Amino acid sequence: MTRTNSYRTQPDDRGHFGQFGGRYVAETLMPLVLDLEKEYRKAKADPAFHAEFDDLLEHYVGRPSPLYFAPRLTEELGGAQIWFKRDELNHTGAHKINNCIGQILLAIRMGKTRIIAETGAGQHGVATATVCARFGLPCVVYMGATDVARQAPNVFRMKLLGAEVVPVTSGAATLKDAMNEALRDWVANVHDTFYIIGTAAGPHPYPELVRDFQSVIGKEARAQMMARTGRLPDLLVAAIGGGSNAIGLFHPFLDDPSVKMLGVEAAGHGLDKEHAASLAGGRPGILHGNKTYLLQDEDGQITEGHSISAGLDYPGIGPEHSWLKEIGRVDYTSVTDTEALDGFQLLCRTEGIIPALEPSHAIAAVAKVAPTMRKDEIILVNLCGRGDKDIFSVAEHLGVKL
Amino acid sequence: MSRFTTAFQPGRSALVCFVTGGDPTPDATPAILDALVEGGADVIELGMPFTDPMADGPAIQKANLRSLAAGTRTANLFAIATGFRARHPNVPLVLMGYANPMTIRGADWFAAECTKAGVDGVICVDIPPEEDPELGPALREKGISLIRLATPTTDAARLPAVLEGSSGFLYYVSVAGITGLQQAAQASIEEAVARLKAATDIPVAVGFGVRTPEQAADIAKVADGVVVGSAIIDIIAEEGAASPAKVRDFVRSLRTAMDAVSKEKSA
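Structure, rendered in structure tokens:
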């Protein structure tokens with residue numbers, strides 16, 4: 001069955017991507033995780049499930065998102081042609097909604113009547129609250145108290161959409177603590193509750209199913225690029241926190257040997273200071289149900305991530321990225337807060353697009369790599385979110401009082 | 403194994419007591435462990451603090467954070483275990499915690515340290531049977547018991563996998579939830595223990611949400627062991643380094659209540 005020479009057949013039947021991934025959860029959750037896997041296998045083989053997913057993506061989310069050639073940015077950088085996959089134009093303003101549509105359909109299939117989620121910056125929380133409103137299911141979103149204070153507009157959006165937002169005060173009161181609290185809720189409410197995880201991480205089958213739902217990005221982009229240019233791109237670039245937008249773009253291209261890929265982590269204040277670059281500055285460990293690269297000390301205690309982008313400051317990364325790094329199929333780099341702010345302004349100025357701080361990291365990496373490439377080469381960047389949510393923190397960092 | 407055999411006697415339910423190592427400080431833990439033994443604890447569970455205790459309720463979460471804030475390192479935990487073993491040669495000692503601190507230097511390293519420190523068993527919350535190769539083989543090779551958890555969601559189909567490779571005792575988590583909050587109904591505990599006892603010869607201890615001598619006594623009527631954690635942690639949270647006397651008295655009240663019913667049962 002397994003095709004050799006393919007990078008697209010992971011994970012194995014135990015949910016492992018090489019040494020990464022797996023199902024490191026408490027016994028109470030294990031039967032549920034096995035059940036989820038069984039139901040996902042059935043859904044994956046069911047044309048009706050795909051038809052409903054596709055229909056919602058088209059008419060509710062607004063897919064396919066455009067593929068856009070950025071002429072002035074290309075000219076300014078003076079190297080390879082730069083194209084954007086415009087996932088910031090989705091309903092709710094980011095790629096997160098693709099995954100939430102898929103998972104809520106799965107929840108309904110499984111007869112679950114209550115939805116929980118974790119959120120950092122609030123984008124995944126807003127996307128989850130959105131699909132819960134659309135399908136009439138109660139929604140509880142766990143959010144670190146620190147993030148609740150930092151992301152007031154998204155907290156209000158979630159409440160408007162009918163979600164209950166629970167501020168988490170344990171630990172450092174940020175994204176990883178919100179995820180701990182969501183897991184605690186899940187373990188106490190296993191009978192009726194579905195946990196919509198926001199990134200391609202967590203216990204198997206989450207990394208696989210989130211990747212599959214987000215792969216719509218790469219599938220569309222691949223077809224659009226072939227239709228527009230008659231060829232594949234030379235380099236894909238995407239920002240990485242947990243890594244769901246990146247894996248969604250990369251996965252459909254993994255078996256195209258001519259396509260190089262670059263994942264961009266958040267180097268925060270710098271890799272020798274506070275940052276959120278798990279691959280560059282961490283090592284393999286076990287957290288939140290999977291084995292993957294983690295920021296941690298020598299005793300295995302998890303350290304806090306830092307990034308100007310709240311969506312990237314998670315101390316781990318999806319296990320498939322850890323595997324792709326280890327086998328060398330994807331290159332990973334990192335850019336600092338300052339570089340990301342420059343990337344943010346660069347796109348505003350050259351293309352009239354205000355990007356979120358997450359893809360601003362990808363843009364900053366492109367600004368370094370594009371000038372080193374030939375003008376007939378093509379870079380495809382995932383513009384995974386729009387910047388409306390970030391204007392306050394950008395203003396603050398630029399010393400502008402609103 | 404032999405220390406567990408001594409602790410779990412037929413006709414008498416063993417009292418298993420949990421505290422987080424290094425709470426409130428690494429220096430304070432030895433006296434607290436001694437108080438547990440003086441009060442009548444038959445098995446000691448020493449919690450390894452972790453930054454992200456996903457399966458724990460507020461009481462033990464805070465204990466983890468107090469311990470880490472006091473500077474507790476893995477080396478301190480093994481020093482505490484080594485000292486305990488020297489003072490209490492016959493009381494079984496179990497390390498309980500999460501996978502990452504246990505496996506970060508390799509399972510073989512961890513198993514070797516457990517052996518050196520005189521640790522009898524290990525409970526790892528987030529390594530289910532499906533991920534056993536991560537830790538199980540290394541422990542079994544050193545003769546250290548891997549104590550698994552069974553829960554209300556562990557159905558008949560899963561139970562054999564949970565029992566496979568586990569030893570020492572089986573820890574029945576009586577509620578689907580986190581530590582220290584609600585307690586399961588006595589009837590559901592009795593049904594579950596009967597089901598587990600039919601499937602295994604190793605002792606079955608029941609925990610999660612056991613807070614009072616009365617609850618402990620009720621469970622002692624049917625189970626081979628009773629696990630108490632958060633109620634002890636609450637005393638430590640309140641009294642800090644001055645807690646040993648109160649911890650000892652509380653544990654004694656549990657043991658006394660359990661002895662009353664154990665005697666009834668054996669009479």
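Protein chains in written order, with our numbering: chain A, 1 to 402; chain B, 403 to 669. Think of the CB as a built atom: it goes at the ideal place given N, C-alpha and C, for glycine as much as any other residue. Since we're looking at a predicted model, the values are computed, not measured.
Rounded separation between residue i and residue j - CA only
i, j, result
"A:Lys260", "A:Pro205", "27 Å"
"A:Ile317", "B:Ala457", "21 Å"
"B:Ala662", "B:Ala619", "8 Å"
"A:Met158", "A:Pro319", "29 Å"
"A:Gly300", "A:His124", "28 Å"
"A:Gly311", "A:Thr119", "9 Å"
"A:Val210", "A:Gln151", "24 Å"
"A:Phe17", "A:Ile196", "21 Å"
"A:Leu410", "A:Leu175", "Only positions 1 to 402 of chain A appear in this structure, which leaves residue 410 of chain A out of reach."
"B:Ala465", "B:Ile635", "7 Å"
"A:Asp42", "A:Glu208", "Before going on, a small fix: residue 42 of chain A reads as Lys here, not Asp. Between A:Lys42 and A:Glu208, the C-alpha separation is close to 14 Å."
"A:Pro64", "A:Ile116", "28 Å"
"B:Ala558", "B:Ala586", "20 Å"
"A:Gln296", "B:Leu470", "14 Å"
"B:Ser668", "B:Ile546", "Any reading at B:Ser668 is ruled out, since the residue's pLDDT is 48, under 50, leaving its predicted position unreliable."
"A:Asp212", "A:Leu29", "22 Å"
"A:Met226", "B:Pro535", "45 Å"
"A:Met1", "A:Ala45", "Any reading at A:Met1 must be qualified, since the residue scores a pLDDT of 46, below 50, and its modelled position is unreliable; no value is offered."
"B:Arg507", "A:Thr9", "30 Å"
"B:Leu565", "A:Gly202", "25 Å"
"A:Ala172", "A:Glu58", "39 Å"
"A:Gly162", "A:Gly198", "19 Å"
"B:Met660", "B:Ser415", "7 Å"
Simplified DSSP state of residue i, which is helix, strand or coil
i, result
"B:Ile525", "strand"
"A:Arg386", "strand"
"B:Glu640", "helix"
"B:Gln411", "strand"
"A:Arg409", "For residue 409 of chain A there is no data in the structure shown, the boundaries of chain A being 1 and 402."
"A:Ile101", "helix"
"B:Leu497", "strand"
"B:Pro535", "helix"
"A:Lys176", "helix"
"B:Arg346", "Nothing about residue 346 of chain B can be reported from this structure: the residues present for chain B run from 403 to 669 only."
"A:Lys218", "According to the sequence as given, residue 218 of chain A is Gly; it is not Lys. In this structure, A:Gly218 counts as helix in the three-state DSSP scheme."
"A:Glu274", "coil"
"A:Gln404", "The structure shown does not extend to residue 404 of chain A, since chain A spans only 1 to 402, so no value can be given for it."
"A:Phe20", "strand"
"B:Ala430", "coil"
"A:Gly248", "helix"
"B:Ile446", "strand"
"B:Gly631", "coil"
"A:Pro167", "strand"
"A:Met1", "No answer about A:Met1 holds up, because its pLDDT of 46 lies below 50 and its placement is not dependable."
Supposed contact pair residue j and residue i - C-beta distance, whole angstroms, cut 8 Å
i, j, result
"B:Cys419", "B:Ile446", "6 Å"
"A:Ala266", "A:Ser215", "Incorrect: roughly 23 Å between the Cβ atoms, too far for contact."
"B:Pro531", "B:Ala563", "4 Å"
"B:Val653", "B:Ala443", "6 Å"
"A:Asp313", "A:Ala362", "Wrong, their Cβ atoms sit about 16 Å apart, outside the cutoff."
"B:Ile591", "B:Val608", "6 Å"
"B:Asp454", "A:Asn189", "The Cβ separation is near 20 Å, so there is no contact."
"A:Tyr68", "A:Phe84", "5 Å"
"B:Leu438", "B:Val649", "7 Å"
"B:Phe452", "B:Gly570", "So it is not a contact: roughly 21 Å between Cβ atoms."
"A:Ser6", "A:Asp255", "6 Å"
In DSSP terms, what residue i is bridged to
i, result
"A:Cys139", "A:Ile115"
"A:Thr336", "A:Gly268"
"A:Thr193", "A:Arg114"
"A:Met261", "A:Leu236"
"A:Pro284", "A:Tyr293"
"A:Tyr314", "Paired residue(s): none; A:Tyr314 is not in a bridge."
"B:Phe420", "B:Glu447"
"B:Val575", "B:Gly609"
Neighbour flag for residue i against chain C, beta carbons, 7 Å
i, result
"B:Ile580", "Protein chains A and B are contained in the structure displayed, whereas chain C is not."
Determine, using beta-carbon pairs with one atom in the region 122 to 141 of chain A and one in the region 328 to 341 of chain A, whether at least three such pairs fall under 8 Å. no
Is the number of C-beta pairs between the region 515 to 535 of chain B and the region 471 to 485 of chain B that are closer than 8 Å three or more? yes
Does the region 420 to 428 of chain B come within contact of the region 385 to 393 of chain A, defined as at least 3 CB pairs closer than 8 Å? no
Counting pairs of beta carbons, one from the region 48 to 59 of chain A and one from the region 341 to 358 of chain A, are three or more of them closer than 8 Å? no
Indicate whether the contact test is met: 3 or more Cβ pairs, each with one atom in the region 343 to 350 of chain A and one in the region 279 to 289 of chain A, closer than 8 Å. no
Count the CB pairs spanning the region 485 to 492 of chain B and the region 502 to 512 of chain B that are closer than 8 Å, and state whether there are at least three. no
Contact between the region 69 to 80 of chain A and the region 366 to 380 of chain A is defined here as three or more beta-carbon pairs at a separation below 8 Å; is this criterion met? yes
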